[in-house]
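Protein chains in written order, with my numbering: chain A, 1 to 372; chain B, 1001 to 1385; chain C, 2001 to 2587.
In what follows, a structure is listed as structure tokens, so that the remarks can point back to it.
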Amino acid sequence: MWDSLNRIVALIRKELLAVLKDARTRNMLLLQPVIQCLIFGYAATLDLNNVPYAAFDRDRSAASSALLAKLDGSGAFHRIANLTQADQMSSLIDNQRVLLVIQIGPDFQRQLSAGQDAAVQVIADGRNSTTAGTALGYIGAAVESFNADWRGDHGLPPPPVQLTPRAWFNPNLETRWNLVPALVGTITMMSTLMLAALSVAREREEGTFDQLLVAPYSPTEIMIGKAIPAMMIGVVQATNALLVSQLWFRIPFAGSYVTLYIGLILFLLAAVGIGLFVSSIAATMQQGMLFAFVVMMPFALLSGLTTPISSMPAIIQDLTLINPLRYAIDLVHRVYLEGVGLGQLWPDLWPMAIIAAATLSAAAWMFRNRIE
Amino acid sequence: MTPAAPSRRTRLAAKAWRVWALIRKESRQVFRDPSSFAIGVVLPLMLILLFGYAMSLDVKHVPVAVVIDEPSSEASEIAASFQLSPYFEAHLTSSMAAAQALMVSEKVDGIVRVPADFARRAAQGDASVQILVHGVDGNRARIIEVYAEAAVAQAGARRAAEGAGDAATGGQAVVENQLWFNSANDSRYFLVPGLIVLIITLIGAFMTSMVVAREWERGTFEALFVTPVRTDEILIGKIVPYFVLGMGGLVLCMLSAKFLFDVPFQGSILTLTGVSMLYLLVSVATGLLISSSLKSQFLASQVTLVATFMPALMLSGFIYNLRSVPLVVRLISYVVPARYYVSLLQTLFLAGDVWSVILPNAAILAAVAVLLLALTRRATRKSLG
Amino acid sequence: MNAPVVVGRGLRKRFKQGKSDTIDALAGVSLEVAAEGVSALVGPDGAGKTTLIRMIAGLMTVEGGELTVLGVDVAKDPQGVQDRIGYMPQRFGLYEDLTVQENLDLYADLHGVSAADRRKKYPRLMEMTALGPFTRRLAGRLSGGMKQKLGLACALVRSPGLLLLDEPTVGVDPLSRRELWEIIGALVSDEGVPVLISTSYLDEAERCAHVVVMHKGAVLAQGPPDDVAARAAGRTFTIAPPDGEAPRKLQARLLGDPAVTDASPDSGRVRIVRSAEPADAALAGLVLEAVPVRFEDAFMILQQAADAEGSKAQAEPAAAMKLERPIDRARDEVVVEVKGLVKRFGAFTAVDQIDFEVRRGEIFGLLGPNGAGKTTTFRMLCGLLTATSGTLEVAGADLRRSRAQARRRLGYVAQKFSLYGQLTVAENLDFFAAAYGLAGAARRSRIDWAMDEFALRPMAGVLGGQLPGGFKQRLAMAAALLHEPDILFLDEATSGADPVARREFWRRITALADQGVTVIVTTHFMAEAEYCDRIAILDSGRVLAQGPPAEIRAHGVTKTNPEPTMDDAFIAVIEQARPAAPREKAA
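Laid out in structure tokens, this is it:
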């Protein structure tokens, strides 16, 4: 028993040394989470800032100026042109110089003063429909604000029904708050998967795998000895991402670290199982990397990281049930942003436990039988 | 043994013959190697299926809980408005506590609450409806608010049309939207063309970089160098097969766009082919440059992924709008070739041959291709040390 | 008499090693390669042969000196050289995903060989290499020997002005080596192509017209082999061991003696090269019989002299190894028993009914050409493969199913020296010690022993991947012996090593065997078979001959060759067993 433990500890030590001593893998492992967090944090935003637009104000009244001022003052929009003729609109949109054109009719103020509804036309470039949709949302809010002011200034009663929105957990509705914590799970999975996938392949390439097998190691011991270092490094990766998220992006952490790490460790078990399974199939490091990449891609895309799971077709949603990353991202959101406790995380924890058990047993079986 | 100096024509013929031999060898290797199959066929198919069927940025059928504190016909009208809206899946819920439980367990993404004195205040023209959204996905939350606004306004308009209530409705600005180029407002229309960028980058850069590094590692370059083969012939022999494969990937995407996903294509095929070739050249040249410099398969593939695939996904404007990012990131994106290609693709698919967009972007791609090829030529030498 | 095809003067080349060290791969080499015949670059690993050949081929920049090949200045116009010569690198330069025919066609295309010339050349090449029936097979599926022949064929697709071959015979069995030399010989005589070949096999050097002896980047001697060999004139003798003493014991004794420059077992006797110093007591009482000089003798003299100028420590052969924990079991116990062993891979039978036994303290050799099944058998013995049928027992247990306890009695040195390239020497030893269950004080003392015994201390902080070849071998052996196994498996553990290193290695092995360690080896150096107590020759998965070296040698006796060497005997055994049809079995 003790012998077994000693052997495994020796293997863990050797693995860590081998990975950390190679400057290239070391840099890749330590820098990657930081770089990815930064890129995702800054580039992956569905919020809008600085949207260029053109105004075709045919009314030139106080009211129309007030409306346009609302847009300019929102921070999201940036007027780059005041049009004087209708045919100027299409060229600006076609050439992508503006994302939208706002057309205010010549009777705008008159209609409003007469108690009629006055139409404001918005033409948006739908080449990226998500961006367009979000922009229209912003415009809607700006127009509502104008309407409220108008009513106030003219002593009119408020509309029969008003909507008062409030948001849970993310009062400013920043995209980044969704993405960056989710990255904690994604980055961790990528690193752990990659490391585990490469570990056996590297030994096979170097020829040392035979040496391990001839030595008193049993295939199970080898597996444990490779799983644990991968997990240890995974935890470090997660911590790095967490630090960037909290200290650099200042996204407030609402939950308990203990809960978070418990959930993460369970997640890592699942990820490591997948990585080791891949490793037992790959004959060279190159193949290992490739398989890990091919496996990681659907996991990452179908995890709710970039597009919500609820928008996916039903069949695909069912498929995501076996994706550990999906649960991990959900778990991190809940603990990080919502401050949920361990008891309520149960729906995320037990699927990961099952997946971990399944992948680790499959990997163990492969190790024992495909060792030749 | 020294042959007499051959004529120009025979030298050219010999050159062409050698290039052809190299291309043939490369093509055979591609078809017989399982990792080529994985990158060239499996990955693109997977991406097409994922992006076309699974990923959607559209917000539709959002589940919301509707809580009515005090039943009344006015409250029912509000509830009906949500139930009728195509954007929502409204579930009438008995109490706020129950609704909150639903939200916490993420069975609904929002709670619409009609407060207790709604009917009375509606008569006075002073009513308000509360909506609580789950803010974790900020963007989605914002869009939900917009749709909810619309649903509520519709309820109000219906009441006004029926003449109910005597609240004087003052005039207000009403927004009429027109969405150009994507009237269906379907995110697939821009996601699927964006696929083309990813797939070409994978085949052009990733596969090529692996392949060259592999020759270094296996030592086959050593014997190859000691033949009449010249460096530029080796480069051409590597570029052509992956170029052809890349174009094959393009065809695959176009076919699936048209037949599987019904994404419209407004531009001309010729323009598409032309600009795609430019981007493909850029990708292949990048892959070659990276692997000529690094010579290790493992390292080359890592670096290529980080230097080409990640930027193509994140910094090209494919999903995330580049105008909204901080200045630094925007500046970086100008150096990402995929950015120009995405712009070209989105325009070609949804708007048509808009030359004022196409020409500048294509010119940039062409310039980058020439630069990269020149650098690769310099970095590749027939020498081991 | 034509001008020499290669003229080099004062060639230098330096490489970086690690972070700050540099190593002189070539330190002022001058040589000339004649336009006729085969010239050989001889020397151990690290001598600079590959660097020199690559430089001649225009693959490496010339850092100092001048080099002209076929009249072209290599530094100025490497392409000009590459247009004119044929080259076969150490890794053969074959595309594994292409078939034999496709590989040939590729090189023919690249060299601009016309269709008419191909019609003439191909049949000849196919006949010489016996690859005719295999043209549609993927190069990756060929056996090692076949790959080498294909590599040679690709270099010969046209008749070059000079043929460069970088260690074409490394790691290949004697049969394939002889076949390769026949092809080279035919080439030289038929087409008059000058050949420069590098090799670490000293017996091959004897067949060449001209040899250049290299060592650590310098030329020790050059000229026709007989001239070089003359240095050992009058100093070579064989000695019949006194009654009952095994040749290897006598050899071990003599090797450590300053009166003897070199000693090796040879056909049941011990062949020595006496040093220049006067004889002393060690040789007294022994009957010396003078024998003709061999090239290897001169080489040993040269190398010893060169090494002696270097560190003193290296020139001293290792003291005999003493086991700290003596093995006290019955001497005659059967330790390894193999009965009816069969291994099939799908439809292919790699091992077909093999039987043999090894007793305690024996050195047992498994020999055979590539693809014979010896590696497969070896792996089954070590527990790395499961047998399809039959029984095998090592120390009374089937290792495939054995617990850790049983495996602790085993030591294994693999051909690739399975060392962790990223770990230092000390870390490697540490790991293997722990892997075999050594802990605490025991671990530390064993590691100390290993560092001293194998002279590894000065290299303790060097990464495994950056060790020079000789040190890798020592480290591998040290790692295998840390836990004092009583059975040692050595899988071609001396390939590529220089003769001095090999002597040292065998000295240790014989010392271990004397103390009761059972050793099982596979090797391609037939001369090493002489150290064994018993050997078995395998081919096509069957045991063709088994017994002590003397018995095996008897198989090679013919009218023209009454005293065959092990090489001759090996080839005779194999050829007798094979039918006239395809000479080499597909891998």
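Just so you know, even glycine gets a beta-carbon here, dropped at the ideal spot from N, CA and C.
Note that the structure is a prediction, hence the values are computed from the model and not measured.
Comparing C-alpha positions only, which one of the options sits nearest to residue i?
i: C:W2181; options: C:G2058, C:V2038 and C:K2339; result: C:V2038
i: A:D49; options: A:A135, A:N172 and A:S361; result: Before going on, a small fix: residue 49 of chain A reads as Asn here, not Asp. Ranking A:A135, A:N172 and A:S361 by Cα distance to A:N49 puts A:A135 first.
i: B:L1313; options: B:P1337, B:A1374 and B:M1210; result: B:P1337
i: B:V1342; options: B:A1155, B:A1367, B:L1315 and B:R1330; result: B:L1315
i: A:L156; options: A:S191, A:S113, A:M297 and A:A230; result: A:S113
i: B:E1217; options: C:T2199, C:G2192, C:A2153 and C:R2091; result: C:R2091
i: A:Q344; options: A:S4, A:G126, A:D330 and A:P229; result: A:D330
i: C:I2184; options: C:A2460, C:R2158, C:V2212 and C:M2128; result: C:M2128
i: C:T2376; options: C:M2088, C:D2398, C:L2164 and C:F2345; result: C:F2345
i: C:L2588; options: C:G2171, C:L2152, C:L2175 and C:V2172; result: For chain C, the structure presents residues 2001 to 2587; residue 2588 of chain C sits outside this window and is missing.
i: B:L1372; options: B:I1239, B:I1143, B:F1309 and B:L1045; result: B:I1239
i: A:Q109; options: A:Y138, A:S64 and A:D72; result: A:S64
Helix, strand or coil: how does DSSP classify residue i here?
i: C:E2316; result: Low confidence applies here, because C:E2316 scores a pLDDT of 43, under 50, leaving its location unreliable and the question unanswered by this model.
i: C:F2237; result: strand
i: B:Q1130; result: strand
i: C:S2311; result: Note on C:S2311: pLDDT 46, under 50, position unreliable in the model; the coordinate value appears next. Three-state DSSP puts C:S2311 in coil, outside helix and strand.
i: A:Q88; result: helix
i: A:D72; result: helix
i: A:N240; result: helix
i: C:A2586; result: Caution is warranted here: a pLDDT of 41 is assigned to C:A2586, below 50, making its placement in the model unreliable, and the coordinate value is therefore given only provisionally. Coil at C:A2586, not helix or strand.
i: C:E2102; result: helix
Under 8 Å, Cβ to Cβ, is there at least one residue of chain C near residue i?
i: A:L382; result: Nothing in the structure corresponds to residue 382 of chain A, since chain A is present only between 1 and 372.
i: A:Q211; result: yes
i: B:W1017; result: yes
Could you tell me whether any Cβ in chain A is nearer than 8 Å to the Cβ of residue i?
i: B:S1072; result: no
i: B:Q944; result: Chain B is shown only over 1001 to 1385; residue 944 of chain B falls outside these bounds and no answer can be derived.
i: C:K2016; result: no
i: C:E2393; result: no
i: C:E2191; result: no
Any idea which residues DSSP pairs residue i with across the strands?
i: C:D2266; result: C:R2269
i: C:H2210; result: C:S2039
i: B:H1091; result: B:A1065
i: B:S1383; result: None, per the DSSP bridge assignment.
i: C:F2412; result: At residue 2412 of chain C the sequence reads Tyr, which differs from the Phe that was named. C:F2489.
i: A:M373; result: Because chain A in this structure spans residues 1 to 372, residue 373 of chain A falls outside the shown range and cannot be described.
Would residue i count as contacting chain B if we go by Cβ distances under 8 Å?
i: A:L173; result: yes
i: A:N240; result: no
i: C:G2037; result: no
i: A:R60; result: no
i: A:S74; result: no
i: A:W168; result: yes
i: A:T134; result: yes
For a contact meaning CB atoms closer than 8 Å, what does residue i contact in chain B?
i: C:Y2095; result: K1025, Q1029 and T1220
If the cut is a Cβ gap below 7 Å, which residues of chain C does residue i touch?
i: B:P1311; result: Residues of chain C passing the Cβ test: none, with the nearest at roughly 31 Å.
Find the residues of chain A that neighbour residue i, judging by a C-beta separation of less than 8 Å, and give them in chain order.
i: C:L2481; result: Within 8 Å Cβ-Cβ: nothing; C:L2481 doesn't reach chain A, min ~13 Å.
i: C:A2527; result: Those do not exist, as C:A2527 stays about 26 Å from chain A at its closest Cβ, beyond 8 Å.
i: C:A2414; result: G207, D210 and Q211
Run through chain C and tell me which residues come within less than 9 Å of residue i, C-beta to C-beta.
i: A:R7; result: A2404, A2434, A2435, Y2436 and G2437
Counting only Cβ pairs nearer than 7 Å, list the residues of chain B close to residue i.
i: C:G2421; result: Within 7 Å Cβ-Cβ: nothing; C:G2421 doesn't reach chain B, min ~13 Å.
If you measure from the CB of residue i, is any heavy atom of the ligand NAP nearer than 7 Å?
i: B:F1309; result: In the structure shown, the ligand NAP is absent, as is every other ligand, since no ligand is present at all.
Residues of chain B with CB closer than 9 Å to the CB of residue i, please, in chain order.
i: C:R2502; result: Correct list: empty, because the minimum Cβ distance to chain B is about 26 Å.
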